[in-house]
Every structure is written in C-alpha cells, then in structure tokens.
Amino acid sequence: MKVLVIGSGGREHAIVDALARSPRVEKIYCAPGNAGIARQAECVSIGDTEVERLRDFAAAQEIDLTVVGPEAALAAGVVDAFRAAGLRIFGPTKAAARIESSKEFAKDLMARHGIPTAAYRSFTDYAEAWAYVAARPLPAVLKYDGLAAGKGVVIARTLSEAEAALKDMLLDGSFGRGKVVVEDFLEGPEFSFMCFVSGTKVWPMALAQDHKRAYDGDRGPNTGGMGAYSPLPFITAEDERFALERIMRPVAEAMVAEGCPFEGVLYGGLIKTVDGIRVIEFNARFGDPETEVVLPRLKSDIAEIFCAVADGGDARPEWHDFATLGVVLASKGYPGSYQKGFPIEGLDRVEGTVYHMGTRAEGDRILTAGGRVLLVVGRGRDLREARAAALRDVGRIACDNLFHRTDIGHCAFEKPNEL
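Each number in my numbering comes from the position in the sequence shown (counting from 1) with 800 added on.
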C-alpha cells in the first residue's frame, strides 16, 4: 500500500510511525510533514487545508489510503473532496466533523439524545452572555463555538476573568466571529477516550490523560497539551464500560440517525465526577498529545484498522499491557510568543521514542520551528517506570530554548484510588 498522512505535528508523526510498523505499507507520504517525519516518510510541501492539491496529489500518486490528522483539514472538507474523487480516506466528512468544529452542534446533539454532559446556553450577544454568567455561580466554562487550536476554552473563576474572556471571544473576535457556549463547571479528573468509529460500529482505544497547563502542579496558561500517559489507574472497568455504552456508542448512533454518519476517530474528552462520567467535549480526530502515547500501545496492524473503518468493515484493535508516558518539550514563552530556530542536540542519544511536533531541518541540524517542539515517550511495566524512562531521555536532549513539565502522570500517583 501507498499511504498519505495529512498534517505536520506530533500526532501525525505517531500515525506515520504506526503505519511504518505495518507489513502492508510499502510507501508513506506526509503533507506537509516535519523534520522527524521525514525520516520515515517522504514529505510533500502541500498545506493541510489545500484540499484540491491534496486530492490531485493522491490521485496522481495512486495513493491507496489517506489518513487525516488535523481538525482544520476536516473542517475544510478534505474527506468530502477525496470521496467525491473515488479516493479512500480515513476521517469524517465536513458535516460529521461539526461535532468538533461547532461546540453548539455537539451540545445540542447530546441534549437531543440524552448523553450526559454539563448544562449550557449559547450566545452571540456579549451583553446577554455577560448578564447570564454574572447571575450564575462560578467557575463558568466559556467555549468559543469553532476551531481555536485547543485554546478557545476558558474556565473563569472570577467575574473579571469571565468578562475578559467574553470580550475576547465576542467583541474582539480573537478566533473569528461566532458564538460562545457557556457551560456549568464540572469537577473531577479528565481523561481522553478515543474510538475508531464506522457508522454505528465503535471500537475503543486505550485510555489516556492529557496535561493542558504549561507548568508543574497544573499551573500556568492552557496549552495544546504538555504531556500525556496511558493507562489510567483511576478509571475502572465499570467507568470505561459506561463511557463506551452510554456515551461513545450513542453518539455514533445519533450521528447516523441525524444523517451525518461518523467515520474515523471520535475523541471523547470526558470527566469523572461524583455523579458519574460526563462529556466535556468531542473531537473528530486523534488527540494530540494523546495519540503519541496510545498508538505505541497498539498491537494490531493500524493500516488494516484504517482500511476497515474507511470501507465500513470490521476492526479488532488489540493493545499491549505496558505503560507509556510522554513529555512535551516546548519553546520558552509558549503558549504565548516564542522564538524559533534554536538547534536541538542529543536526539541520537535518546533510547526511547521521540515524536517531532514543531521542527525543521537545516542541513544535518534539527531546529525548533513551533511552540510544542518534541514529545519524548517512555515505556515501562508501570507508569512510574515509564515516566522515569521519559525523563531520562529528556535529559539527553540539549536545546537553549526548551522547557518541559516534570510531573506528567501525577494524577496516577497521588492517591489514584480516591479519584
């Protein structure tokens, strides 16, 4: 098989790495890719939202399977264009991807189909939104109703924070013009439940937990994710069954019932509250950085799974029982402004796996080229062993402009049975 992967980050590097392990895959292309991906795939200089160019490239190269990584490509309708051209592609249509691209669509869908989530209201008018938030208990969860690269959600713990966020989203148009969804705040440990979905068929992946805050102790601004780990000791088998049978399967069935069947990866951002598992959000693709710790645990041939989902067949993913933990190395200043172009040394000394998130090559050198730059994955018999392995490898990498968290996985170590 010849496979094309769309995207340029750590998630796409993990997808390419998993495909490279498949005996069915002969050649991998990645558009546009990055310096790390280039070691396992041929990178093509086509942007992830250049739908027509991607389609034409796949047709000209007689690509057998295309796998979509980023949400922007899905929202741009890349799956629709490929299918119209008779090309096999793994991912949801633009209509189905609304479960991520529109927070209001997702919340309304859950309300209609009785899927457990927080109470909410949607607003386009700043004054109405502010009056609603000001009259209700804090914290308030404010979500921009559209794609915002993982940064369109604010948990406002004070009225001044809420006022600033609403102005940012509704008056200043930081993410564009749109609505804001105001939700009740839910408390408890969050986790990521990704499933392969083909219509009403749902196959669960290994669970993971992401760490959004920039600094140790879950302090600092929200980021696109500073690390992740799998499995999760605080999620019981009963919790997982509930999430699968009361959330993930019903959502897949709801999408079919409403005329926009989902095919690809349905990502459930879930939370374990005192009242049970609830939905925080859905995404229409692999999570990042969760993919980088989940796919290394996949025992099955991922190319076979991708094809089965795209063709409406059957997939039976099997998982290794070792633990994985990934630590992100990010540019200093991220998620705010940061500088690029710093050389990275020591990658050849790493014993585990390094996924490139934002790098570029300059001759033989690897340079920083993004906010999140690398993700280092450690494996072990348990999470403590996996974290020790990841941090050992982080210590082997030298760069003047990178920082990382040292406490990824802390929820699994701090009285996990009490969560």
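Yeah, the Cβ is synthetic: ideal placement off N, Cα and C, and Gly gets one too.
Cβ atoms of residue j and residue i: under 7 Å apart, would you say?
i	j	result
LEU887	VAL803	no
ARG1172	LEU1125	no
LEU1007	PHE996	no
VAL980	GLU904	no
LEU966	TRP930	yes
VAL867	LEU874	no
ASP1039	ILE1080	no
GLY833	CYS843	yes
Which residue wins for smallest C-alpha separation from residue i, given the options the options?
i	options	result
ALA1103	VAL1093, ALA1115, GLU1092, ARG1097	ALA1115
ILE1071	GLY1027, PHE1082, PRO989, LEU1032	PRO989
ARG1184	GLU1038, LEU959, ASP1207	ASP1207
MET969	ALA935, LYS943, GLU1092, THR958	LYS943
ASP1164	GLU1145, TRP930, LEU1175, LEU1066	GLU1145
GLU1053	ASP1010, GLU826, ALA964, GLY914	GLY914
GLY1020	MET801, ARG1205, ALA818	ARG1205
GLY1141	VAL1150, SER998, GLY1158	GLY1158
GLY1027	ASP1075, VAL825, CYS1211, ALA818	CYS1211
Can you check DSSP and say which residues form a bridge with residue i?
i	result
THR1168	THR1159
ARG1179	THR1124
PRO1004	CYS995
PHE1062	The partner list for PHE1062 (beta bridge, DSSP) is empty, contrary to what the question assumes.
CYS843	CYS830
VAL1154	VAL1176
THR849	Note: THR849 sits in no beta bridge, so no partner.
LEU1070	PHE991, VAL1079
ASN1022	ARG1013
VAL982	ARG921, LEU942
THR866	LEU804, ILE889
TRP930	TRP930 is not bridged to any residue.
Return no unless some Cβ of chain B is closer than 7 Å to the Cβ of residue i.
i	result
VAL1154	Although the question refers to chain B, the structure presented lacks it and comprises just one protein chain.
With 16 as the cutoff for other CB atoms within 10 Å, does residue i come out buried or exposed?
i	result
PHE1213	exposed
GLY1087	buried
LEU1139	The displayed chain sequence assigns Gln, not Leu, to residue 1139. Label assigned to GLN1139: exposed.
GLY1136	exposed
LEU959	exposed
THR893	buried
THR1168	buried
LYS827	exposed
GLU852	exposed
ARG1085	buried
ASP1010	buried
Out of curiosity, what's the CA-to-CA distance linking residue i and residue j?
i	j	result
ALA940	THR917	14 Å
VAL805	GLU928	43 Å
ARG811	LEU1044	23 Å
MET1055	ASP1200	48 Å
GLU1058	VAL879	19 Å
GLY1113	ILE1197	43 Å
GLY847	THR1153	26 Å
VAL1094	ILE1166	26 Å
GLU961	VAL1127	29 Å
ASP1101	VAL1002	17 Å
LYS1099	ALA885	32 Å
ARG1179	ALA1123	6 Å
GLY807	GLY952	21 Å
LEU1219	PHE1034	Low confidence applies here, because LEU1219 scores a pLDDT of 36, under 50, leaving its location unreliable and the question unanswered by this model.
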